[in-house]
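Chains W and Z, in that order, give the protein sequences. Numbered per this note's numbering, the first sequence spans residues 1 to 410. Numbered per this note's numbering, the second sequence spans residues 411 to 836. Quick reminder that beta carbons are idealized off the backbone N, C-alpha and C, glycines included.
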Amino acid sequence: MLDYNTAVVLVGVTALAVTSGVVGTFLVLRRRALAGDALAHASLPGLVGAFLLFERRDLYLLLSGALISALLGIAVIAALRRYTRIKEDAAIGIVLSVFFGAGIVLSRLAQNRTTAGSKAGLDSFLLGKTAGMIYQDALIIVILSLVTLGIVFVLFKELKLVTFDPGFAIAQGWPTLGLDLMILSLVAVNVMIGLPAVGVVLVAALLILPAVSARFWTERLDTMILLAAGFGAIIGITGTFLSASFDRFPAGPVIILTGSFVLGISMLAAPRRGLVVQVIRDYRFRKEIECRALLEEIYEFAEQRSWPTKEQVLHRSGERAALRRLIHQGLVREMGNDHLELTTPGMRRAESVVLGSRLWKMFLDTHPDLAGSLVDLSHESVDEILPPDTVRELNELVRLQGRWPSLSAR
Amino acid sequence: MDILLGRVAFWTMLIGMVAGTSCSVVGCYLVLRRMSLLGDAISHAVLPGIAIGVLMSGQIGGIPSIIGALVFGLLTTLLIEVLHGQGRLTEDSSIGVVFSSLFSIGVIIITREARHKHIDTDCILYGLIEAAPLDLVTIVGFEIPRVMLTLVPVMLVILSLVFCFWKEFKIASFDPVLATAMGISATLVHYLLMSMVAAVTVSSFEAVGSILVIAMLIVPAATAHLLTDRLISMMLVAVAVSWISSVLGYWIAAYVNTSVAGMIAVIAGGQFLLAVLFSPKYGLVSRAFRNGALAVRIMSEDILARLYRLEEKGDSLASSSASHSGAGVVLRWWSDFLLRRQGLVSTEPTGKLSLTESGRHRARELVRAHRLWESYLGENFNLAPDHLHDAAERMEHFIGPKLQERITEELRERDSDPHGRPIPPQ
């Protein structure tokens with residue numbers, strides 16, 4: 001099944017996707033995800049312009065032209081941001097569309113001038129074509145990938161600092177601008193070698209998809225880079241096989257959709273940031289809060305009068321479920337004639353909940369100015385959040401007002 | 411000439427102008443709200459909706475395509491918000507990921523179907539405005555291009571929405587917090603705006619194609635943003651820019667035989683470049699020119715003041731001063747030239763400069779301003795005498811008659827500065 005041509009393409013695309021993952025990590029963390037997109041779109045006029053100028057379809061010549069106009073595009077974005085009132089988003093949009101428009105204009109001119117055969121050649125740069133990749137192309141991709149990975153490995157500490165704390169890096173006298181440009185040129189080279197395979201329109205997505213997927217699984221940069229490289233490999237291998245089996249589809253969209261699939265899985269299934277886990281966590285938390293509220297209500301009812309009946313504390317349908325949970329946990333027990341009573345562990349738990357809630361309310365009363373920044377009512381106890389002397393003061397106040405929960409002592 | 415002014419030319423330019431009008435009006439809000447890239451994302455991501463619409467109706471730009479595009483436009487906004495909010499990704503990453511995925515789906519559907527049905531992929535992706543006037547329908551006896559049937563209604567809907575919700579859109583764009591406080595739902599405005607982006611995108615598809623729609627959305631609006639500060643004039647300028655792009659873009663493209671859509675984007679970009687350079691208020695060249703004019707004024711005034719002080723001591727100034735270098739030489743030369751032309755300074759036969767009567771009058775005002783300011787600073791701020799001169803040297807150019815009067819009042823008719831030199835009378 002794995003013939004020579006497919007093997008060549010497989011090696012090339014995989015190397016490309018792995019490097020994209022590594023370089024893209026820095027791009028995503030630096031919040032420059034769309035700079036790659038602008039770079040890719042801005043490369044089109046240079047690519048076609050080189051073809052028109054030299055009238056040759058030499059891949060490396062075209063890519064050099066592409067690199068020049070891509071860098072020009074990035075420079076224009078930076079200049080617009082620096083010297084005009086145009087904001088970055090509009091600057092990216094303008095460069096992206098105007099350069100791309102110029103590219104389309106030039107490519108139509110190229111079509112007029114040459115035969116249909118070369119037209120197809122230029123067209124494949126828009127949405128990508130892996131089938132045409134030959135041994136030399138794959139070799140160049142692999143070499144450039146190794147160089148890129150080597151640079152990232154050697155400069156890892158510097159790149160990490162610039163990514164997370166550029167202000168500190170500047171204060172420490174690091175060449176921040178140089179490192180930023182280094183990242184950007186790695187991106188540029190990566191986009192150029194990706195152009196023939198994935199195409200102008202989508203090559204930037206290959207940079208961000210593995211990195212964004214990896215972000216869901218980890219909080220550490222080194223792990224994230226390794227994961228992004230791994231996801232890149234998965235995308236490269238799967239994407240190659242898929243685009244080989246659906247010959248008539250352009251390769252770019254097929255590879256990108258493979259990446260979207262990896263992202264979808266990561267987004268749903270990741271252990272801490274994944275959506276499934278988040279939904280479960282939210283659900284549990286809501287249940288927990290309902291239980292606490294019901295415990296508090298039963299306790300305060302008993303404090304003032306006697307053990308309540310079900311009708312006296314159950315007002316909404318959610319509270320019925322909370323009651324079932326409390327009974328199941330052995331904190332509340334049902335007496336005859338529909339009365340409810342706290343068990344001994346239930347009493348301990350309820351007193352802790354009630355005390356926490358009264359201390360929080362006291363804190364809100366006495367320090368309303370701090371409320372916004374400090375209060376987290378979802379925490380049962382104040383101790384973990386407020387400083388110890390404030391906690392002592394609050395305890396004292398609650399005792400003085402006679403609101404210290406002491407039902408168990410009666 | 412027929413290619414530039416014939417029937418096809420007329421319709422092509424008109425299609426471009428109608429599409430440009432809706433796009434640039436909506437684009438103004440995108441640029442002001444800093445959501446240009448969301449517009450870019452939507453214009454890419456509606457592709458699957460259009461493709462599905464095409465599958466159902468067999469034509470681009472029909473009602474099914476518009477509905478499909480609206481659904482996917484809103485879906486894009488929603489997905490980006492989920493990734494950004496629940497997934498805690500940065501906004502730019504979310505945008506990049508969502509639009510490229512949806513765009514890929516669209517491309518695959520279209521390439522799959524292009525073999526069965528008569529759909530031109532190039533037309534959807536890169537726009538084929540020049541072919542649109544060939545597909546005619548007859549409406550009440552008139553033959554008009556079919557695309558006008560969607561372009562015109564969409565434009566009318568957009569314009570009437572903007573007209574009806576003018577105040578709401580404006581407040582929500584400039585001050586979302588105030589809008590919320592006034593009971594205008596920022597979320598509703600946001601989604602309404604995104605639906606408008608989706609609608610103009612799909613209706614403009616045949617004119618400029620999926621990728622170049624963003625040029626029509628952002629570039630005229632950004633150009634107008636450089637030229638004006640009022641929302642209404644910004645929209646009018648943006649529309650004008652898009653009309654110029656359509657007309658010139660078509661003519662040039664027809665002349666050199668290339669893609670009209672691409673050329674429209676290029677012409678819009680050219681106008682943007684002109685605005686960047688020459689906008690009266692924000693242009694780089696005009697700003698440099700204003701700074702230069704100010705520098706010349708300050709230099710001339712410094713020369714006048716210096717001549718006046720030398721006259722006080724009974725001395726005069728050699729015409730060429732060696733203390734300037736580089737750009738300073740040019741500045742000095744130009745200032746000298748202007749002073750002579752205005753008749754404020756004259757050259758004596760010995761080559762020295764001296765003040766004319768009107769020059770002396772002007773110089774006296776300046777020196778008066780300078781010494782008043784020194785006195786004022788000395789009186790009120792308790793600075794050492796050698797710290798007064800530099801501040802006054804900068805301020806003297808900006809103290810008009812009114813401020814002079816107030817300072818005089820406050821100093822109660824002092825007639826000498828802290829260095830003991832007389833303050834010249836008015």
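- Z/Ile624 has a beta carbon lying within less than 7 Å of a beta carbon in chain W.
- For the segment 296-351 of chain W, the full-length beta strand (DSSP E) segments reaching 3 residues or more read 332-334 and 340-342 along the chain.
- For W/Met267, the closest Cβ of chain Z is nearer than 7 Å.
- Judged by DSSP in its simplified three-state form, W/Phe231 adopts helix.
- Taking C-alpha positions only, Z/Gly430 is separated from Z/Met606 by approximately 14 Å.
- The Cβ atoms of Z/Val612 and Z/Ser475 lie closer than 7 Å to each other.
- From the beta-carbon of W/Gln136, no residue of chain Z is found nearer than 7 Å; the closest lies around 28 Å away.
- Remark: three or more beta-carbon pairs, one from each stretch, lie closer than 8 Å, so the segment 89-100 of chain W and the segment 31-39 of chain W are flagged as touching.
- Not a single C-beta of chain Z is nearer than 7 Å to the C-beta of W/Lys129.
- Distance between W/Ile234 and W/Asn190, taken at the CA atoms: about 18 Å.
- When DSSP states are grouped into helix, strand and coil, Z/Phe552 belongs to the strand group.
- Z/Arg778 places its beta carbon less than 7 Å from that of Z/Pro834.
- Residues of the same chain with a CB within less than 6 Å of the CB of Z/Gly437, apart from the 5 flanking positions on each side, are Leu627, Ile628 and Ala631 in chain order.
- For W/Gly101 against Z/Ala675, the beta-carbon gap comes to about 3 Å, under 8 Å, which counts as contact.
- At least one CB of chain Z lies nearer than 7 Å to the CB of W/Lys87.
- Take W/Met335, set aside five residues on each side of it, and the residues of its chain with a beta-carbon closer than 8 Å to its own are Trp307 and Glu341, in chain order.
- Between Z/Gly483 and Z/Ile452, the CB-CB gap stays under 7 Å.
- Between the alpha carbons of Z/Ser434 and Z/Ile581 lies a gap of roughly 19 Å.
- The segment 236-256 of chain W and the segment 219-228 of chain W do not touch, with fewer than three beta-carbon pairs separated by less than 8 Å.
- Nearest CB-CB separation between Z/Ala632 and chain W: below the 7 Å threshold.
- For the segment 637-651 of chain Z, the set of residues with a beta-carbon nearer than 9 Å to any beta-carbon of chain W is empty.
- With a minimum length of 4 residues, the unbroken runs of alpha helix (DSSP H) contained wholly in the segment 753-798 of chain Z fall at 767-791.
- For W/Glu158, the closest alpha carbon among the candidates W/Ser352, W/Gly128 and W/Phe26 is that of W/Phe26.
- Following the DSSP letters along the chain, one finds W/Leu159 inside the alpha helix (DSSP H) bounded by residues Phe156 to Phe164.
- Judged by DSSP secondary structure, Z/Ser643 falls within the alpha helix (DSSP H) whose first and last residues are Leu641 to Val666.
- With 16 or more other Cβ atoms from the protein chains shown falling within 10 Å of its own Cβ, W/Ala70 counts as buried.
- Neighbours of W/Ser69 across chain Z, judged by C-beta separation under 8 Å, do not exist; the nearest C-beta is about 13 Å away.
- Taking a contact as a CB-CB distance under 8 Å, the pair Z/Gly426 and Z/Ser595 does not count as one, their CB atoms being some 35 Å apart.
- Using beta-carbon distances, W/Tyr283 does not count as an interface residue toward chain Z, since no partner is under 7 Å.
- Straight across, the Cα-Cα distance linking W/Glu311 with W/Lys361 is about 27 Å.
- Cβ-Cβ separation between W/Val200 and W/Phe125: approximately 6 Å, consistent with a contact (criterion under 8 Å).
- Excluding five sequence positions before and after Z/Ile708, the CB atoms of its chain that fall closer than 6 Å to its own CB belong to His807, given in chain order.
- As the crow flies, the alpha-carbon of Z/Gly463 is around 6 Å from that of Z/Gly478.
- Contact with chain W is absent for Z/Ile452, since none of that chain's Cβ atoms lies less than 7 Å from the residue's Cβ.
- Between Z/Thr486 and Z/Ala524, the C-beta gap is not smaller than 7 Å, which leaves the two residues out of contact.
- Within the segment 215-232 of chain W, Arg215 and Phe216 place their CB atoms closer than 9 Å to a CB of chain Z, listed in sequence order.
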